[in-house]
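Going line by line, the protein sequences match chains A and B.
The numbering of the first sequence is our numbering, which starts it at 31 and goes up by one.
The numbering of the second sequence is our numbering, which starts it at 814 and goes up by one.
One structure is given below, encoded as structure tokens.
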Amino acid sequence: MVKSMTTPPATKKATVPTRSSDRPNVQRPGEESVPIMKMRPTIKYEADRVRGFGREIMSVPGCEQLQSCIQCGTCSGVCPLSIYMDHTPRQVMALTRADFKNEVLRSRTIWLCASCYACTVECPQEIRITDIMYELKQRAILEGIFPKRFPIPILAYDFSEMVKKNGRITEMILVIKLFMKTSWLAALGNWRLGIDLIKTGRFSLVTEKIKHHGDIARMMDAVDDQKGS
Amino acid sequence: MKYSYFPGCSLKGLGRAYEESLLPVMKHLGVELQELDDWNCCGATAYMAVDEVKACVLAARNLALAEKSGLNQVMAPCAACYLVLNKAKHYFHDYPAMKATMDRALNAVGLHYSGDTPVRHPLDILLNDVGLEAIKQKVEKPLKGLKVATYYGCQIVRPYATFDDQYNPTTMDRLMEALGATLVHYPLKTKCCGGSLTGTLPEAGIRLVYILLNEAKKRGADCIATVCPLCQFNLDGYHSQLKAQYGDVLVPTVYFTQLMGLAFGLSDKELGLNRAAVPFKWRPPLPAAATPVPA
């Protein structure tokens, strides 16, 4: 309050903006600390759409029901992580169906999904929302759309590579690799966890590998061949 | 009773206490388990995010191996493995294109999957094949006075509720009562623990863990019983962050099989109870000293 009283009134400024678009710059007494309003469209433009994206997603096994979404918002209500999301699950459903590919794939929402399936079992239209989130994650990883050093897609990718190579996961090696690729600081923050794991005999760096590990790569190649043909 | 046993990576790693307690408990009940020869990673949530088809193919190899073993049922104790194996089976039956891909991939390594092998959870086997009566008969040290919050987590009831109620599962509750424990009403029994978000986005993940622990603490639980290695890890492993951020909300989290083992009279060490960061110690209460009844 004291500060605002000492502020000279905005009208004493040499130039007073008159055009309506400049109005947010006008300082009124007592409003000095209010940040200048940034204009951002809240409704997407038709031109932002990537035609066919929605249909493409709906053609994936398990994702067909998306077309019958009634936008009730049940999914957003039951989601334990929606409070952290930039677009709620309901919005992601609408954006996907309406071809807003870039908005959806750049959204934080798809990475926050912990696949607890709460939305899937509650959806009155029987849309498998979790499976749609999986599909969207796959597209984002495939197109490389995620922030650098963002741990979730890196973990998913390293996980799949380790399985392809060894047939199994060695959890500690996977976690250490993840910290190396994302943040050493986060690793230091978890020092206590590391000590606990060593103390309780769960810190194992012995690579788990199956006998026929070549089989895994052969199976994956067979899938890729079919996709290619 | 003999089943093919699919441990999954977690039960050989961070969740080894689950296997360490499951095997002696099943043996004690006369259930024979034969570990699936050369099993591979089930596919899990992380692989689903990279390629769902390949994740199903990975699961299919395990199902084919189970079929090859000649034992017609496979037991999957890890909640994520249980879900992924079941999911692959559903996809196999529901989508001809998916079935064709799985057949083709398995064919490349000389395996075949017919789509029959039932995938079962230990809770399902314990209640429906072994039976509560048989379990009760094996109880040597009833868990009298132990207050347990039963926590099922997501993936054994969602999206497929195969052997229990989706909203209010009770198999573990009934099992705990058969062991003599007292149940704590725990309405969060199927809520999410945050999965791998505790490590990747701790701000969001650890808050979910806090909600689960805080509720159990408020309701006076001595321990939380779980069926999932990731739930156990999340509820137990991040105790220092939880304490710093939310104060003392810690409640020991144990596998339901560890509690079974205690009731059967097995030792802490045999049951892997030394593997948890938040220690759980329970001794049966001493018989109350005979007090003279006031006249």
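From the three backbone atoms N, C-alpha and C, an ideal C-beta is built for every residue, glycine too.
- Listed along chain A, the residues sitting closer than 8 angstroms to Ala1089 of chain B by beta-carbon distance are Thr230.
- With a 10 Å radius around the Cβ and a threshold of 16 neighbouring Cβ atoms, Asp907 of chain B comes out exposed.
- In this structure, DSSP gives Ile175 of chain A a state outside helix and strand, which the three-state scheme calls coil.
- Ile969 of chain B sits in coil when the DSSP states are folded into three classes, being neither helix nor strand.
- The beta carbon of Gln101 of chain A sits closer than 7 angstroms to those of Arg120 and Ala124, all from its chain and outside the five residues before and after it, given in chain order.
- Among the residues facing chain A, Asn853 of chain B is included, as its CB has a counterpart in that chain under 9 angstroms away.
- Taking C-beta separations shorter than 7 angstroms and ignoring five residues to either side along the sequence, the partners of Ala247 of chain A in its chain run Lys194, following chain order.
- With contact defined as three or more Cβ pairs closer than 8 angstroms, the region 919 to 932 of chain B and the region 1044 to 1052 of chain B are not in contact.
- Your pair His1052 of chain B and Lys951 of chain B does not check out as a contact, with CB atoms roughly 33 angstroms apart and the cut at 8 angstroms.
- Below 8 angstroms, too few C-beta pairs join the region 834 to 850 of chain B and the region 895 to 905 of chain B to call them touching: fewer than three.
- When the five nearest sequence neighbours on each side are left out, the beta carbons in the same chain lying within less than 6 angstroms of the beta carbon of Leu1063 of chain B are those of His1052 and Val1091, in order along the chain.
- The beta carbon of Val863 of chain B sits closer than 9 angstroms to some beta carbon of chain A.
- With respect to the 9 angstroms criterion, Ile182 of chain A and Met163 of chain A are not classified as neighbours on the basis of their beta carbons.
- Of the candidates A:Lys167, A:Thr212, A:Trp214 and A:Met250, A:Met250 places its Cα closest to the Cα of Gly197 of chain A.
- For Tyr999 of chain B, the closest Cβ of chain A is not nearer than 9 angstroms.
- Between the region 817 to 837 of chain B and the region 885 to 892 of chain B, the count of C-beta pairs closer than 8 angstroms reaches three or more; the two stretches touch.
- Judged by DSSP in its simplified three-state form, Ser1009 of chain B adopts coil rather than helix or strand.
- For chain B, the residues of the region 74 to 95 of chain A that bring a beta carbon within less than 9 angstroms of one of its beta carbons are Val90, Pro91 and Gly92, in chain order.
- In this structure Val844 of chain B is buried. Its beta-carbon is surrounded by 16 or more other beta-carbon atoms within 10 angstroms.
- The beta carbon of Ser145 of chain A sits closer than 7 angstroms to those of Thr160, all from its chain and outside the five residues before and after it, given in chain order.
- Residue-level contact by beta carbon holds for Asn920 of chain B and chain A, with a gap shorter than 9 angstroms.
- Looking at the DSSP output, Leu996 of chain B bridges to B:Val961.
- Along the region 190 to 245 of chain A, the alpha helix (DSSP H) occurs as fully enclosed runs of 4 or more residues at 201 to 211, 214 to 219 and 221 to 229, listed in sequence order.
- Ile1037 of chain B is bridged by DSSP to B:Ala962 and B:Thr1066.
- In the structure shown, the three-state DSSP call for Glu1016 of chain B is helix.
- Taking 9 angstroms as the CB threshold, Lys241 of chain A lines the interface with chain B.
- Of B:Met915, B:Val866, B:Glu865 and B:Gly883, the smallest CA-CA separation from Leu846 of chain B is found for B:Gly883.
- In this structure, the CA atom of Met69 of chain A is about 21 angstroms from the CA atom of Arg138 of chain A.
- Under the three-state reduction of DSSP output, Glu76 of chain A falls in the helix class.
- The C-alpha of Leu166 of chain A lies about 13 angstroms from the C-alpha of Tyr860 of chain B.
- Between the beta-carbon of Leu898 of chain B and that of Ala872 of chain B there is about 5 angstroms, and that keeps the pair under the 8 angstroms contact cut.
- When 7 angstroms is used as the limit between beta carbons, Ile199 of chain A is near these residues of chain B: Cys822 and Cys854, in chain order.
- Excluding sequence positions up to five before and after Cys967 of chain B, its CB lies within less than 6 angstroms of the CB of Cys1005, all in the same chain and listed in chain order.
- Residues of chain A whose Cβ lies closer than 9 angstroms to the Cβ of Gly1060 of chain B do not exist; the shortest such Cβ separation is about 17 angstroms.
- Boundaries of the beta strand (DSSP E) around Lys815 of chain B: Lys815 to Tyr818.
- For Tyr1051 of chain B, the closest Cβ of chain A is nearer than 9 angstroms.
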